[in-house]
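**Student:** Residue numbers (the numbering used here), protein chains in the order written: chain A, 1 to 113; chain B, 1001 to 1113.
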Amino acid sequence: GAGVSQSPSNKVTEKGKDVELRCDPISGHTALYWYRQSLGQGLEFLIYFQGNSAPDKSGLPSDRFSAERTGGSVSTLTIQRTQQEDSAVYLCASSFERNQPQHFGDGTRLSIL
Amino acid sequence: GNSVTQMEGPVTLSEEAFLTINCTYTATGYPSLFWYVQYPGEGLQLLLKATKADDKGSNKGFEATYRKETTSFHLEKGSVQVSDSAVYFCALPLETSGSRLTFGEGTQLTVNP
């Protein structure tokens, strides 16, 4: 497709389990971003990848969160030992280059029971 | 870092009414400013942007002018439609020369026929 693709669209899991969220950016986009959208916290930046540079992880809320981007394309956000406060919509965005407009996927709605 | 304050709402209007959603920012220098829209069940879409002072961004009948004197970027539309019902987010880069975005709290707009 032409847009940013995220999977799964919805994920329900039990507290303590690990989850992986996937983002497939727009082809040719060198920058990829993860954000989290939750009630009471609004939209928060999590992590940013630009080309082959080391990622900007400054927004990750704890060491249970990690992300990788393989081959400069697909990215996976992993949350280990999930907690109820991790429940949120996780949004991925990509841009052609840094400082260019970001295009968002539809998000993954994560619910921790 | 830079920050943004947005009128939270919710805002309820009748079709063909005039819309204003207020957004003010605090920033070092003159970063690009953005309005994003989120329709129910979807990710964020870039609505419009302005890259320098006095620029006017426009799209789909919406307008916003980058005003450095008042550090504002208010969103306006002269005649709203039911299909404009969505959540609107004002945003700018966390660092003026950076890429990662910081968002306002969002304003829920409901337009009734």
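Even glycine gets a Cβ: it sits at the ideal position worked out from N, Cα and C.
Closest to Gly1041(B) by CA distance: which of Val1087(B), Ser1097(B), Pro1093(B) and Thr1065(B) is it?
**Tutor:** Walking along the second sequence from the start, residue 1041(B) turns up at place 41. With distances taken between Cα atoms, Gly1041(B) lies closest to Val1087(B).
**Student:** Is it right to say Leu113(A) is buried, meaning 16 or more other beta carbons lie within 10 angstroms of its own, or is it exposed?
**Tutor:** Counting from one through the first sequence, the residue named residue 113(A) turns up at place 113. Under this definition Leu113(A) is an exposed residue.
**Student:** Verify whether the separation of the beta carbon atoms of Gln1006(B) and Glu1069(B) is less than 9 angstroms.
**Tutor:** For the purposes of this step, residue 1006(B) is taken as the residue at position 6 of the second sequence. For the purposes of this step, residue 1069(B) is taken as the residue at position 69 of the second sequence. Their beta carbons are not under 9 angstroms apart, which means Gln1006(B) does not touch Glu1069(B) by this criterion.
**Student:** Any contact between the segment 50 to 60 of chain A and the segment 5 to 17 of chain A? By contact I mean 3 or more CB pairs, one from each, below 8 angstroms.
**Tutor:** no
**Student:** Cβ closer than 9 angstroms: which chain B residues qualify as neighbours of Asp24(A)?
**Tutor:** On the first sequence, residue 24(A) is found 24 positions in, with the first residue counted as 1. Near Asp24(A) there are no residues of chain B at all, since even the closest Cβ is about 13 angstroms away, more than 9 angstroms.
**Student:** Buried or exposed: Arg36(A), going by 16 or more other Cβ atoms within 10 Å of its Cβ?
**Tutor:** Sequence index remark: in the first sequence, residue 36(A) carries index 36 (1-based). Flag for Arg36(A) reads buried.
**Student:** Under three-state DSSP, which class holds Val1080(B)?
**Tutor:** In the second sequence, the residue the question calls residue 1080(B) occupies position 80. Looking at Val1080(B) - three-state DSSP - the assignment turns out to be coil, as it is neither helix nor strand.
**Student:** In chain order, what residues of the same chain lie with their CB nearer than 8 angstroms to the CB of Asp18(A), ignoring the 5 residues before and after it?
**Tutor:** As a position in the first sequence, residue 18(A) is number 18, starting the count at 1. Correct list, in chain order: Thr78, Ile79, Gln80, Arg81 and Thr82.
**Student:** Considering only the alpha carbon of each residue, which of Pro25(A), Ala88(A), Gln100(A) and Gly40(A) lies closest to Thr70(A)?
**Tutor:** As a first step, residue 70(A) is located in the first sequence; it is residue number 70 there, counting from the start. The shortest C-alpha separation from Thr70(A) is found at Pro25(A).
**Student:** With respect to the beta strand (DSSP E) encompassing Gln1006(B), which residues constitute its N-terminal and C-terminal limits?
**Tutor:** Working through the second sequence from its first residue, we reach residue 1006(B) at position 6. First-last of the beta strand (DSSP E) with Gln1006(B): Ser1003 to Gln1006.
**Student:** Where does Gly1057(B) sit, in a helix, a strand or coil, going by DSSP?
**Tutor:** Here residue 1057(B) refers to the residue found at position 57 of the second sequence. Here Gly1057(B) sits in strand by DSSP.
**Student:** In terms of alpha-carbon separation, which member of Gly1001(B), Lys1052(B) and Ala1017(B) lies closest to Phe1073(B)?
**Tutor:** The count along the second sequence starts at 1 and reaches residue 1073(B) at position 73. Comparing Cα positions, the closest option is Lys1052(B).
**Student:** Check the Cβ-Cβ distances between Thr1040(B) and every residue of chain A, and say whether any is below 9 angstroms.
**Tutor:** The residue given as residue 1040(B) occupies position 40 in the second sequence. Looking at the sequence shown, residue 1040(B) is not Thr but Pro. By this cut-off, Pro1040(B) is not an interface position.
**Student:** Quick one: is Phe96(A) near chain B, going by C-beta distance under 9 angstroms?
**Tutor:** Position 96 of the first sequence, counted from the first residue, corresponds to residue 96(A). So no, Phe96(A) is outside the interface.
**Student:** Determine which residues share a DSSP beta bridge with Ser66(A) and list them.
**Tutor:** As a working mapping, residue 66(A) is identified with position 66 in the first sequence. Paired residues: Thr78(A).
**Student:** If we define contact as Cβ-Cβ less than 9 angstroms, is Gly1043(B) a contact residue for chain A?
**Tutor:** Working through the second sequence from its first residue, we reach residue 1043(B) at position 43. Output row for Gly1043(B): interface = yes.
**Student:** Taking 9 angstroms as the threshold (C-beta atoms), are Ser1099(B) and Asn99(A) in contact?
**Tutor:** Residue mapping note: residue 99(A) aligns to position 99 of the first sequence, counting from 1. Residue mapping note: residue 1099(B) aligns to position 99 of the second sequence, counting from 1. Yes, the pair counts as a contact, with Cβ atoms nearer than the cut-off.
**Student:** Assuming Ser87(A) contacts Leu110(A) (C-beta within less than 8 angstroms), just tell me the rounded distance between them.
**Tutor:** As a working note, residue 87(A) is residue 87 in the first sequence. As a working note, residue 110(A) is residue 110 in the first sequence. Correct: roughly 6 angstroms between the Cβ atoms.
**Student:** Please state the DSSP three-state secondary structure of Gly72(A).
**Tutor:** As a first step, residue 72(A) must be located in the first sequence, where it is residue number 72. Per DSSP, reduced to three states, the secondary structure at Gly72(A) is helical.
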